[in-house]
């Protein structure tokens, strides 16, 4: 199964709150899990990424939590800001040789000022 | 240092026509992948080029073809355009091997009427 299921489809958070976006996968051949941020009219930009042998990775206000046994991973945005309002995509790399990525369907985040 | 450059930014074509989209990868990158992003959806993998060869292909018909030149730039060609081909076409470059994922361009918005 090459799908990556992402939820929620949309999310509204107050400024300063925590935004949480979840993804789930089936294929154990996935070996790298990045998150991308996309603003309207722009291409996706790499935000943060994790390998399946690590349970958590933090970069500034952004944290990925990874649960290998449950085949789930999530993005946490701490102290969410209006500038974080964008669409977020999780992705999974199918194998390290070809760098083919499978993307989730996206989460549209709106942070209220 | 320029990132990934795509041209044109917008394009309107008539059903049945052919279109060529162009991509210049980020400096130092030798691998180019093309993705189709329908409105409100995540990017879908079309194919990937490395060393001027199509290395892997997604679930897209033969109407979609590509090319990579010795300078690593790439083209995506779509023949016999259908209304359903209307989408944002994203080019992503990477360096082989690289753990850092793709760098995406801003895309070409193709509208088929």
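Protein chains in written order, with the working numbering: chain S, 54 to 166; chain H, 91 to 203.
For glycine and all other residues, C-beta sits at the position ideal for the given N, C-alpha and C.
Roughly how far, in whole angstroms, is the beta-carbon of residue i from the beta-carbon of residue j, given that I think they are within contact range, below 8 Å?
| i | j | result |
| --- | --- | --- |
| residue 110(H) | residue 140(H) | The Cβ separation is near 20 Å, so there is no contact. |
| residue 67(S) | residue 141(S) | Incorrect: roughly 17 Å between the Cβ atoms, too far for contact. |
| residue 158(S) | residue 131(H) | 6 Å |
| residue 96(S) | residue 197(H) | 5 Å |
| residue 138(H) | residue 146(H) | 5 Å |
| residue 156(H) | residue 167(H) | 7 Å |
| residue 138(S) | residue 162(S) | 6 Å |
Just the chain H side, please: which residues come within less than 9 Å of residue i by C-beta, in chain order?
| i | result |
| --- | --- |
| residue 99(S) | 190, 191, 192, 193 and 194 |
| residue 156(S) | 125, 127, 131, 132, 133, 134 and 135 |
| residue 142(S) | 132 and 133 |
Bridge partners for residue i per DSSP, in chain order?
| i | result |
| --- | --- |
| residue 199(H) | 100(H) and 178(H) |
| residue 163(S) | 65(S) |
| residue 128(S) | 74(S) and 117(S) |
| residue 119(H) | DSSP lists no partner for residue 119(H). |
| residue 141(H) | Answer by DSSP bridge pairing: none, since residue 141(H) is not bridged. |
| residue 110(S) | 117(S) |
| residue 136(H) | BP columns for residue 136(H) are empty, so no partner. |
Which residues in chain S sit within 8 Å of residue i, going by Cβ to Cβ distance?
| i | result |
| --- | --- |
| residue 180(H) | 96 and 97 |
| residue 150(H) | The premise fails here: residue 150(H) is roughly 13 Å from chain S at the closest Cβ pair, so nothing lies under 8 Å. |
Starting from the beta carbon of residue i, find every residue of chain S whose beta carbon is closer than 9 Å, and list them in chain order.
| i | result |
| --- | --- |
| residue 118(H) | Correct list: empty, because the minimum Cβ distance to chain S is about 15 Å. |
| residue 197(H) | 94, 95 and 96 |
List the residues of chain H whose Cβ lies closer than 8 Å to the Cβ of residue i, in chain order.
| i | result |
| --- | --- |
| residue 168(S) | For residue 168(S) there is no data in the structure shown, the boundaries of chain S being 54 and 166. |
Along the chain, where does the beta strand (DSSP E) containing residue i start, and where does it finish?
| i | result |
| --- | --- |
| residue 75(S) | 72-78 |
| residue 57(S) | 57-60 |
| residue 105(H) | Counting along the chain, residue 105(H) falls outside any beta strand (DSSP E), and DSSP gives it neither H nor E. |
Contact the region 77-96 of chain S vs the region 190-197 of chain H: 3+ CB pairs below 8 Å: yes
For the region 62-82 of chain S against the region 125-132 of chain S, are there 3 or more C-beta pairs whose distance is under 8 Å? yes
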